[in-house]
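S.K.: Okay, here's the structure, questions in a sec.
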Amino acid sequence: MTALQHVKLGTYYVVQMPEPDDFEFWRERARAMVQCDVPPDRIAWVEPGGTGDLFAHGERRSPTPEPDAKPVRANKRFVSLAKNAILHSDPERFALLYRLLWRLQSRPRMMEDKADPDVRRIEELDKNVRRDSHKMHAFVRFRLIEEEDGEHYVAWFEPEHHILRANAGFFMRRFANMRWSILTPRGSLHWDTETMQEGPPAQRGDAPGGDPMEDLWRSYYASIFNPARLKIGAMLKEMPRKYWKNMPEAALIPQLVAGAQKRESTMVEAGRSKFLGEFEERPETLAAIDKAIHACRKCPIGELDNHAVMGEGPQDAALMIVGEQPGDQEDQVGRPFVGPAGQLLDVHLEKAGIDRQASYVTNAVKHFKYVQRGKRRLHQSPAAKEIDTCRWWIESERAIVQPKLVLAMGASAARGMLGKTVSISKARGSPIPLEDGSELWITAHPSYLLRLDGTARVEQERLFDADLAAVKERLGELVG
Ligand code: URA
0 MTALQHVKLG TYYVVQMPEP DDFEFWRERA RAMVQCDVPP DRIAWVEPGG TGDLFAHGER
60 RSPTPEPDAK PVRANKRFVS LAKNAILHSD PERFALLYRL LWRLQSRPRM MEDKADPDVR
120 RIEELDKNVR RDSHKMHAFV RFRLIEEEDG EHYVAWFEPE HHILRANAGF FMRRFANMRW
180 SILTPRGSLH WDTETMQEGP PAQRGDAPGG DPMEDLWRSY YASIFNPARL KIGAMLKEMP
240 RKYWKNMPEA ALIPQLVAGA QKRESTMVEA GRSKFLGEFE ERPETLAAID KAIHACRKCP
300 IGELDNHAVM GEGPQDAALM IVGEQPGDQE DQVGRPFVGP AGQLLDVHLE KAGIDRQASY
360 VTNAVKHFKY VQRGKRRLHQ SPAAKEIDTC RWWIESERAI VQPKLVLAMG ASAARGMLGK
420 TVSISKARGS PIPLEDGSEL WITAHPSYLL RLDGTARVEQ ERLFDADLAA VKERLGELVG
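In structure tokens, the structure reads:
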């Protein structure tokens with residue numbers, strides 16, 4: 000008997016989703032439907048809570064594929080977009096995903112077709128969901144409630160999509176030692192420092208309105224506010240007015256905007272003032288880190304005539320690539336890995352199929368250390384103590400980007416990640432687990448390759464390529 004015989008001609012199937020974000024359930028049903036040759040227009044995907052009344056005559060049991068049914072094809076690009084797109088609030092998303100999966104069986108390269116309306120739509124859903132998650136990370140503000148059994152931090156947030164569960168881990172890692180709840184109209188999360196529980200939807204009135212924590216947020220925000228960067232349009236785009244009401248610091252915006260010009264000229268006059276605060280509060284945004292590293296004078300490298308170079312790349316990159324420190328060209332341009340080492344790195348990344356644009360590229364040390372020889376500035380390696388001091392910044396970047404895999408190139412980068420010196424030849428080739436569940440892979444620095452020639456260079460480039468290939472493969476497994 001073939002799979003086709005299972006499905007009565009003209010049968011209409013109704014799939015009731017148990018949860019709006021249950022990718023595994025959708026995947027299991029969709030696989031069975033594809034294997035039984037059920038075309039997209041014969042399935043109604045019903046949201047949880049929806050009755051599916053319109054399809055009263057539909058078959059509610061999914062067909063069972065034959066044990067020898069053909070395996071279902073779904074490439075990594077589709078799966079990674081689908082996992083995110085299913086969190087979207089568009090009720091058509093399940094059907095869209097199924098249509099794509101169905102079409103992928105006969106057009107396996109379809110996801111590369113940027114003009115295809117279904118491909119465009121899933122990419123759009125994915126983008127909207129990422130944006131919503133980004134906003135949740137940036138705009139959730141906890142209010143402190145004193146309860147009989149201790150402190151409890153409660154936040155109210157209004158996500159546009161079903162992103163709450165998918166982001167639970169982010170808040171759990173970031174506020175691991177606090178007892179907190181995030182209340183939203185789509186459901187709630189409760190963390191008691193050990194276990195996470197889900198709760199029902201909440202209303203704004205369930206969350207407290209304001210408390211002394213707000214003063215902390217206000218002064219924090221005022222301290223990271225950079226008047227030189229003031230772009231009201233961009234600010235509104237990033238922080239839509241919808242979120243202002245939940246954010247105590249929003250009350251500061253009018254006065255910060257009004258005072259911006261004055262503060263900017265004071266900043267310019269003061270020149271590069273010393274970094275005043277101690278390393279106490281981790282910056283919450285990459286922009287705040289960027290600002291802080293420019294003012295950082297925690298080690299003598301920052302006192303040289305140079306500029307801090309911030310990491311670059313998507314804030315949600317799965318791969319973080321770490322070098323040692325900016326070189327002469329990076330210092331002038333203000334971007335990591337743009338000089339000779341960067342060019343060599345680009346060649347090898349491309350060879351390994353690693354997309355630099357999709358990676359977050361940064362350095363263990365943020366300023367260029369050099370000695371002046373005539374007109375030339377000659378690179379000097381940072382001392383262990385200087386790398387250790389700068390770990391604060393790379394760790395802050397990592398806490399925000401949360402890469403699944405970190406590639407540290409060279410001994411300084413490895414020390415920046417681990418806080419201790421390791422031998423590259425011993426450490427390369429296998430992952431080192433990091434405390435947040437991500438993995439560290441270590442390889443040589445491209446500048447080292449540049450200093451070699453002849454067979455030594457060929458051999459080291461071969462090892463470098465092998466390391467990058469292993470990283471590429473592992474990344475594929477981690478990203479799914
Ligand atoms: N070398 C590094 O380690 N980083 C850079 O950004 C450039 C060269």
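Each step along the sequence shown adds one to the number in numbering that gives the first Met the number 0, with nothing skipped, and position 429 is 428.
All C-beta atoms in this analysis are idealised placements derived from N, C-alpha and C, irrespective of residue type, glycine included.
#1: If you count every other CB in all the chains shown that lies within 10 Å of the CB of R414, and 16 or more means buried, which is it?
#2: Does the beta carbon of A382 fall short of 7 Å from some heavy atom of ligand 1?
#3: Please list, in chain order, all residues with a C-beta atom less than 5 Å from at least one heavy atom of ligand 1.
#4: Could you check which residue in K403, V45 and K365 has the C-alpha nearest to that of D330?
#5: If G475 sits next to K75, beta carbons under 8 Å apart, how far is it from one beta carbon to the other, in whole angstroms?
#6: Would you decide whether E27 is buried or exposed? Buried here means 16 or more other CB atoms lie within 10 Å of its CB.
#7: Tell me whether S424 sits in a helix, a strand or coil according to DSSP, three-state version.
#8: Evaluate contact between the segment 395–405 and the segment 447–461, counting only Cβ atoms and requiring at least three cross-stretch pairs below 8 Å.
#9: Terminal residues of the continuous beta strand (DSSP E) containing S437?
#10: What residues in its chain sit with their C-beta under 6 Å from that of W44, if we drop five residues either side in the sequence?
#11: So, for G338: in the same chain, excluding its five sequence neighbours on each side, which residues have a beta-carbon less than 8 Å away from its beta-carbon?
#12: By the 10 Å Cβ neighbour count, where 16 or more other Cβ atoms means buried, how is K419 classified, buried or exposed?
#13: According to DSSP, which residues form a beta bridge with L318?
#14: In whole angstroms, give me the CA-to-CA distance for K384 and E146.
#15: Comparing alpha-carbon positions, which option in Y369, R390 and N166 lies nearest S380?
#16: Residues in its own chain within less than 6 Å of L80 by CB, not counting five upstream and five downstream?
#17: Report the residue ranges of all alpha helix (DSSP H) runs contained in full by the segment 10–59; include only those spanning at least 4 residues, in chain order.
#18: In angstroms with no decimal places, state the Cα-to-Cα distance between V71 and Y97.
#19: Output the boundary residues of the alpha helix (DSSP H) element that contains S79.
#20: What residues are listed by DSSP as bridge partners for Q371?
#21: Relative to the alpha-carbon of K403, which residue among V37, A316, V33 and L467 has its alpha-carbon at the smallest distance?
#22: Scan the segment 278–361 and note each continuous alpha helix (DSSP H) run of 4 residues or more that stays entirely inside, going in chain order.
#23: From the DSSP output, which residues share a beta bridge with Y523?
#24: To the nearest whole angstrom, what separates the beta carbons of S446 and A286, a pair I think is in contact under 8 Å?
#25: According to DSSP, simplified to helix, strand and coil, what is I162?
#26: Give the DSSP-derived three-state secondary structure of T442 in the structure shown.
#27: Note the first and the last residue of the continuous beta strand (DSSP E) segment covering G186.
#28: In chain order, what residues of the same chain lie with their CB nearer than 7 Å to the CB of D20, ignoring the 5 residues before and after it?
#29: Expressed to the nearest angstrom, what Euclidean distance is found between the alpha-carbon atoms of A426 and T442?
#30: Three-state secondary structure (DSSP) at Q202?
#31: Helix, strand or coil for E481 per DSSP?
#32: My understanding is that V139 touches I181, with C-beta atoms under 8 Å, so please give their C-beta distance in whole angstroms.
#33: Given A29, which residues of its chain have a CB within under 6 Å of its CB, disregarding the five upstream and five downstream residues?
M.R.: On the basis of the coordinates in this document:
#1: buried
#2: no
#3: G322, E323, P325, G326, E329, P335, F336, A340 and N362
#4: K365
#5: 6 Å
#6: exposed
#7: helix
#8: no
#9: S437 -> no beta strand (DSSP E), and no H or E assigned at all.
#10: V14, F93 and A94
#11: G326, D327, Q328 and E329
#12: exposed
#13: L404
#14: 43 Å
#15: Y369
#16: I121 and D125
#17: 22–34
#18: 12 Å
#19: K75 to A84
#20: R376
#21: A316
#22: 285–294, 327–332 and 339–351
#23: Residue 523 is absent from the structure shown; the chain starts at 0 and stops at 479.
#24: Incorrect: roughly 29 Å between the Cβ atoms, too far for contact.
#25: coil
#26: strand
#27: G186 to W190
#28: I85, L86, H161, R164 and A165
#29: 8 Å
#30: coil
#31: Residue 481 is absent from the model: the chain starts at 0 and stops at 479.
#32: 6 Å
#33: Y97 and L100
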